[in-house]
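I have placed the structure first, in the form of structure tokens, so that the comments after it can refer back to it.
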Amino acid sequence: MEIWINPACSKCRSALSLLDAEDAQYTVRHYLEQPPTVEELDVVLRRLSLEPWDITRLGEPAAAALGLAAWSRESADRDRWIKALAGNPTLIQRPIITADDGTTVVGRSHEAVRSVLS
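Counted the way my numbering counts, the sequence shown spans residues 45 to 162.
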């Protein structure tokens, strides 16, 4: 299992605490230091059954600088959004957890984190 975190994020710390309490085996990826590639984001989004705008933190300064709130959310614009997330990882919602079986969740709730535990 891999979890993408920002150590300053309380939801990330909460997810890690829950994984530890369940003795889960996982790898931590500090995604601000090791940003996901366009290809990795595409895979994660497909596993989540979400679009890039669904996991974009529009309240971030980078979102305002890029004018993301005004970007089209049509399938033809999907690649543009993914490239923006890859180039500005602060925009990615967190934590994202990918289980060994490929199950992937945005682990902002205890229920979501528990859903990837076997």
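Ideal placement from N, C-alpha and C gives every residue a C-beta, glycine not left out.
From the DSSP output, read off the bridge partner residues of residue 154.
-> Partner(s): none; residue 154 has no beta bridge.
Could you check which residue in 145, 136 and 110 has the C-alpha nearest to that of residue 94?
-> 136
Exposed unless 16 or more other CB atoms sit within 10 angstroms - verdict on residue 151 | buried
Member of 70, 109, 121 and 105 whose CA lies at the smallest distance from the CA of residue 97 = 121
By Cβ distance below 6 Å, which residues in the same chain neighbour residue 55 in space, the five residues on each side in sequence not counted?
-> 152
For residue 72, name the three-state secondary structure that DSSP assigns.
-> strand
Buried versus exposed, by CB contacts within 10 Å (16 or more), residue 139 | buried
When you compare only the Cα positions, how much space is there between residue 82 and residue 156?
-> 24 Å
Is residue 87 helix, strand or coil when you go by DSSP?
-> helix
Buried or exposed: which applies to residue 71, given that a residue is buried once 16 or more other Cβ atoms fall within 10 Å of its Cβ?
-> exposed
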